[in-house]
Each structure stands twice: as structure tokens, then as C-alpha cells.
Amino acid sequence: MEKLDEFDIPFVGLKNGIHQFVFILDNTFFEGFDFNDFHQADFKVELALHKSESLLELEFTSKGSVGVSCDVTTEYFDLALNPSWSQIIKFGNPEASTDEILVLPVGAYKFNVSQQIYEMIVLEIPPKLEHPGIANGTLQSEILDKLKTLEPKATPVEGQNDPRWDKLKDLL
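Numbering (our numbering), first residue to last: 1 to 172.
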């Protein structure tokens, strides 16, 4: 993973209260994490940092799209995503960190949010990527045509049972 310095938040000089940060992402951001599954990426990430005396609350919201390949047809399409993420940062022993609460050393003066942004977006990707044209029938593809020809045509006839199962039914 490449260090992305533009995502450093120097929180020591900030006054208590809410502070807004905006990040614009493209493919170079994901390439910094050696993640090359997107053909194109375009995101706007907004970060609201709530600073208090003892902790930081981070509220990430984003809107954008990524170019991905359909798992069925391998056709490219844009997948719109609107992920959000919340993180609490406290100060103390870093070994006490959990998934919800990140603990930074007491002398820390900045925090890099690139990992949180990366995870927020990548975890929003569905496990199966299906082109929206498949569901509504508008996608014309040679692969879809081939899949339709390979579909099994015969359906089991109603009332016709395998005789091996009939013996088991008699036991009931």
C-alpha cells in the first residue's frame, strides 16, 4: 500500500467542533492499495470530523460510481455506490483498538483516513456483479444468447415420480 499523504488529517491544530473535508477519488487512489478491479472510479467523499477534548468522531459519506465487469457476461457497466462509515478515535494504548474504536498514541498529531475510505467503498461492492440490463432484458450480448441456448429445456412432468422415492413415501 502506498502512503497517500493528501488523506492526512492534522487534528492537533483544529478547534473543538465540526470540521469538513472533501476528497475526490479516481483510479489512482485504488491503485495505491494494489486494487485493480475497477475499470474507472469517480467518487466524492465528504468527511465530517467532530473534535472534542478526548476523542474524534469521523462521519464519512460518499457518492460515486465504479466501472466493473459483469460476472455473467463480462460486459462493463457503471455501478453507483453511496457508502457511509463512522469511526471513533480515542487516545491511549493503540493495542486497545477495536473495529468501532481506533486508539491512537497520546502524542499523535495527524491521522491518515485513506484506509477507512478504501474499506468503506470496497466493502460496499456486492458479491455478485450483474449488469442491470440482464434483469430488465435490455442487454444484448453474445454470451447471454449462448447461455439461453444452453439452458435445459425439459422440465419434469407433474405427477411423474422416481420409483425409488415412492418406496420412501410408503414409510411415512
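Using N, Cα and C, we set each Cβ at its ideal position, and we do this for glycine too.
Between the CA atoms of residue j and residue i - distance to the nearest angstrom
| i | j | result |
| --- | --- | --- |
| Glu142 | Phe38 | 23 angstroms |
| Thr28 | Ser65 | 15 angstroms |
| Thr138 | Pro152 | 23 angstroms |
| Leu187 | Glu6 | There is no way to answer for residue 187, as the model of the chain reaches only from 1 to 172. |
| Ile179 | Lys148 | Nothing about residue 179 can be read from this structure; the chain reaches only from 1 to 172. |
| Gly133 | Leu123 | 23 angstroms |
| Leu172 | Thr74 | 48 angstroms |
| Lys44 | Gln160 | 58 angstroms |
| Gly32 | Asn82 | 21 angstroms |
| Ser173 | Ile9 | The structure shown does not extend to residue 173, since the chain spans only 1 to 172, so no value can be given for it. |
| Ser212 | Gln140 | The chain is shown only over 1 to 172; residue 212 falls outside these bounds and no answer can be derived. |
| Phe91 | Glu53 | 10 angstroms |
| Gln20 | Leu14 | 11 angstroms |
| Met120 | Lys167 | 55 angstroms |
Proximal residues to residue i (C-beta, below 8 angstroms), its chain only, five neighbours per side dropped
| i | result |
| --- | --- |
| Phe11 | Leu49, Lys51, Leu56, Tyr109, Lys110, Phe111 |
| Ile88 | Leu55, Leu56, Glu57, Leu58, Glu100, Ile101, Leu102 |
| Ser84 | Glu59, Phe60, Thr61, Ser62, Met120 |
Contacts around residue i, its chain only, beta-carbon distance under 6 angstroms, and the 5 residues preceding and following it disregarded
| i | result |
| --- | --- |
| Glu46 | Val22, Thr61 |
Which of helix, strand or coil DSSP assigns to residue i
| i | result |
| --- | --- |
| Lys63 | strand |
| Lys153 | coil |
Residues of its chain near residue i, where Cβ-Cβ distance is below 7 angstroms and the 5 sequence neighbours each way are ignored
| i | result |
| --- | --- |
| Ala80 | Ser65 |
Exercise. Enumerate, from N- to C-terminal direction, the unbroken alpha helix (DSSP H) stretches of 4 or more residues contained entirely within the segment 27-60.
Key: Whole alpha helix (DSSP H) segments, 4+ residues: 27-31.
Quiz item: Taking only runs of the alpha helix (DSSP H) that begin and end inside the segment 94-149, which ones reach a length of at least 4 residues, in chain order?
Solution: Within the segment 94-149, the complete alpha helix (DSSP H) runs of at least 4 residues fall at 114-122, 132-136.
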